[in-house]
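Engineer: Protein chains in written order, with my numbering: chain D, 51 to 149; chain F, 8 to 497.
Structural data, given as structure tokens:
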């Protein structure tokens, strides 16, 4: 059975860009361990020579005509930018510095 | 009688006979919402002025020939409607009251068919849950007993339909989010074949499993809505180019020649005995209507939920990456460094369930664990699909319970995420198979822990693209029973 440590939870949270309090780290360590314990039952299934399924539509690489489409009810650039909580300068979002 | 309690079928007849107007219908729904929603918390964004405007326009023309002309509905809070707040019941989008600059294909198709949006219904955050308790607006309540959950994630939609706040509602079903609340609240809820309806403009949770579908008062109404919203959409590459039949015309009041499979794996220990009895009574009715019953086996059923709780968090961790405080909503004041900003925005924005799923997915997809979790779950998914393929060689439909129990008390699973996940134990087989499945009311039982009467749902599953067969069976069942006509007292 997989048991997660607090250090692992901190590492996962970092990969997922989630800031957690010490209390949350404790709580999630227990909870994620119990979730992983539950899904561990999948390991008992014999899947030798069974291909994985990613989707069920049978569709492959849907391409559209290479023509310019701009339906009149589509949002404008400014409408799309307006949903940002950060300052907008010259049609760009000003994000914090990435250093 | 309240107009808001009408079925779509009857309301359309009344509109076309000039016995009522679209404005009357919208006003009746608004009155009902204002009267009962303080108790139910099913509606999270009210769009009443615009709804009244649209109704007025339709009434001025006086033409009710469109398929859903003048019919008011609620959309789950993940369907984008231009200029209408749509927040996935998450603080991530609620904080800056996200107003999408475009329409989802489904709400657009409904508007073109004459339907009128009343507003947005409560859901678990980004549809992640089985009870609407992860909603930032608080849980939707069950109209049969408001101390209990409406189920989830489309709990607001199910409660709204069952309590006559609307004529129908839109939900989404990734892992049971239409069928479970429909079962808990006592309405009709259809999960469609994956790709039958367009997902464009609906906030994604798990893109390989998300489906768009209706919750209604009768199966006949489901047929009317499905006809409008089904079909290929150039904006959703995963929507299938499969002809859309006239579902309502295909309805019959018998099941002669229909073979229905009863899977052993859905009648297991732990299921509430009184609820199982109601489901078995329902199956007897199907036989009396002419169906031939056959015991079948879907041997990998017990792995469906575990498969779901690997694949879905993986897709969640990817889909919810976009909520980073740059393009949408929630933000923080510390802006010295981009990485710290992302972490602070996401750490303060998501609910505990959101964080759980993002982290499980991140872990399962990370180097060293990918094959053990994600790849293995995808292989088990193949085995579940094969079970159904095998079954549908012998039968036309499968009948089963919706869940092991009935609506549970709000807060009862608060400290046990796995107990919450287990509520969906009978939901995820159809999900993994990508097949259609519907919940219809099949009776009431006394709650195991209180003196309340609660609805029980019968689940009907069909083969891929087999909505017609599922609807036919559900409709025949409703012509022979009256459970779907019962109303909660509010």
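Don't be surprised by glycine CBs; every beta carbon is placed ideally from N, CA and C.
#1: Please state whether DSSP places residue 429 of chain F in a helix, a strand or coil.
#2: Pull out every residue of the stretch 381 to 414 of chain F whose Cβ sits closer than 7 Å to any Cβ of chain D, in chain order.
#3: Going along chain F in order, which residues have a C-beta closer than 8 Å to the C-beta of residue 104 of chain D?
#4: Under the rule that 16 or more other beta-carbon atoms within 10 Å means buried, what is residue 206 of chain F, buried or exposed?
#5: Pairs of beta-carbons, one from the stretch 488 to 497 of chain F and one from the stretch 440 to 460 of chain F, closer than 8 Å: are there three or more?
#6: List, from N- to C-terminal side, the beta strand (DSSP E) runs of 3 residues or more that fit wholly inside the stretch 77 to 117 of chain F.
#7: CB-CB under 7 Å to residue 485 of chain F, same chain, minus the five flanking residues each way: which ones, in chain order?
#8: Is residue 52 of chain F near residue 163 of chain F, with beta carbons less than 8 Å apart?
#9: Closer than 8 Å by beta-carbon distance: list the chain F residues that pair up with residue 68 of chain D, in chain order.
#10: Within 10 Å of its beta-carbon, does residue 119 of chain D have 16 or more other beta-carbons around it, so buried, or fewer, so exposed?
#11: Do three or more CB pairs link the stretch 121 to 128 of chain D to the stretch 324 to 335 of chain F at distances below 8 Å?
#12: Roughly how many angstroms separate the alpha carbons of residue 483 of chain F and residue 257 of chain F, rounded to a whole number?
#13: What are the start and end residues of the alpha helix (DSSP H) that includes residue 35 of chain F?
#14: Where does residue 363 of chain F sit, in a helix, a strand or coil, going by DSSP?
#15: If you measure beta-carbon to beta-carbon, which residues of the stretch 110 to 121 of chain D are closer than 7 Å to chain F?
#16: By the DSSP assignment, the alpha helix (DSSP H) with residue 502 of chain F in it spans what residues?
#17: Can you tell which of F:248, F:320, F:27 has its C-alpha closest to the C-alpha of residue 89 of chain D?
#18: I'd like to confirm the pairing. Which residues does DSSP put opposite residue 152 of chain F in its beta bridges?
#19: How many Å lie between residue 159 of chain F and residue 406 of chain F at the Cα?
#20: Could you tell me which chain D residues have their CB closer than 7 Å to the CB of residue 334 of chain F, listed as they occur along the chain?
#21: Indicate the three-state DSSP secondary structure (helix, strand or coil) for residue 16 of chain F in the structure shown.
#22: What residue range is occupied by the uninterrupted beta strand (DSSP E) comprising residue 300 of chain F?
#23: Nearest chain F C-beta to residue 62 of chain D closer than 8 Å, yes or no?
#24: Let me know the alpha helix (DSSP H) ranges lying completely inside the stretch 234 to 313 of chain F, each 4 residues or longer, listed in chain order.
#25: Just the C-alpha distance for residue 82 of chain D and residue 60 of chain D, rounded to the nearest angstrom, thanks.
#26: Mind pulling the chain D residues with CB within less than 8 Å of residue 310 of chain F?
Structural biologist: Inspection of the coordinates gives the following:
#1: As a working mapping, residue 429 of chain F is identified with position 422 in the second chain. Reduced to three states, the DSSP call for residue 429 of chain F is helix.
#2: 382, 383, 384, 385, 386, 387, 388, 389, 390, 392
#3: Sequence index remark: in the first chain, residue 104 of chain D carries index 54 (1-based). Going along chain F in sequence order, the residues near residue 104 of chain D (Cβ under 8 Å) are 215, 385.
#4: Sequence index remark: in the second chain, residue 206 of chain F carries index 199 (1-based). It counts as buried.
#5: yes
#6: 79 to 83
#7: Mapped onto the second chain, residue 485 of chain F falls at position 478. Result list for residue 485 of chain F: 225, 226, 447, 491, in chain order.
#8: Position 45 of the second chain, counted from the start, is the residue given in the question as residue 52 of chain F. Position 156 of the second chain, counted from the start, is the residue given in the question as residue 163 of chain F. Against a cut-off of 8 Å, the Cβ pair of residue 163 of chain F and residue 52 of chain F comes out as no contact.
#9: In the first chain, the residue the question calls residue 68 of chain D occupies position 18. Within chain F, the residues near residue 68 of chain D are 350, 353, 354, 357, 362, 365, 366.
#10: Translated into the one-based positions of the first chain, residue 119 of chain D becomes position 69. Label assigned to residue 119 of chain D: exposed.
#11: no
#12: Your numbering for residue 483 of chain F matches position 476 in the second chain. Your numbering for residue 257 of chain F matches position 250 in the second chain. Computed Cα separation, rounded: 11 Å.
#13: Position 28 of the second chain holds residue 35 of chain F. Per DSSP, residue 35 of chain F belongs to the alpha helix (DSSP H) from 29 to 47.
#14: Counting from one through the second chain, the residue named residue 363 of chain F turns up at place 356. Three-state DSSP puts residue 363 of chain F in a helix.
#15: 112, 114
#16: There is no way to answer for residue 502 of chain F, as the model of chain F reaches only from 8 to 497.
#17: Locating residue 89 of chain D in the first chain gives position 39, counting from the first residue. Residue F:320 is the option with its Cα nearest to residue 89 of chain D.
#18: Here the question's residue 152 of chain F lines up with position 145 in the second chain. In the DSSP output, where bridge partners are listed per residue, residue 152 of chain F has F:149.
#19: Stepping through the second chain from its first residue, residue 159 of chain F is reached at position 152. Stepping through the second chain from its first residue, residue 406 of chain F is reached at position 399. Their Cα atoms are separated by approximately 21 Å.
#20: Numbered from 1 along the second chain, position 327 holds the residue referred to as residue 334 of chain F. Those within 7 Å of residue 334 of chain F in chain D are 133, 134.
#21: Residue mapping note: residue 16 of chain F aligns to position 9 of the second chain, counting from 1. Helix.
#22: What you label residue 300 of chain F is simply residue 293 of the second chain in a count that begins at 1. Element bounds for residue 300 of chain F: 299 to 303.
#23: Counting from one through the first chain, the residue named residue 62 of chain D turns up at place 12. Chain F, which has a Cβ nearer than 8 Å to the Cβ of residue 62 of chain D, makes this yes.
#24: 280 to 295
#25: The sequence position of residue 82 of chain D within the first chain is 32, counting from 1. The sequence position of residue 60 of chain D within the first chain is 10, counting from 1. About 12 Å.
#26: Numbered from its first residue, the second chain carries residue 310 of chain F at position 303. Under the 8 Å cutoff, chain D gives 91, 92, 95.
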